[in-house]
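Numbering (the numbering used here), first residue to last: 64 to 117.
Even glycine gets a Cβ: it sits at the ideal position worked out from N, Cα and C.
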């Protein structure tokens with residue numbers, strides 16, 4: 064049960080936070096590595112929310 068509680072929100076965070084940042088960076092011919100870094104830092108901020116789902 065705890066696996067579902069972690070994987071579901073983690074995938075949702077990936078789809079809502081990281082993927083849009085990377086896609087927009089690719090579309091604008093920007094630096095994709097910077098987009099990954101910023102998105103990962105945002106995901107770290109969302110980490111406590113994943114803990115609440117447990």
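Is residue i helix, strand or coil by DSSP?
i: residue 91; result: coil
i: residue 64; result: coil
Could you give the distance in angstroms between the alpha-carbon of residue i and the alpha-carbon of residue j?
i: residue 83; j: residue 68; result: 23 Å
i: residue 81; j: residue 64; result: 25 Å
i: residue 78; j: residue 91; result: 19 Å
i: residue 99; j: residue 115; result: 25 Å
On the CB-based measure, 16 or more other CB atoms within 10 Å of its CB, does residue i come out buried or exposed?
i: residue 103; result: exposed
i: residue 108; result: exposed
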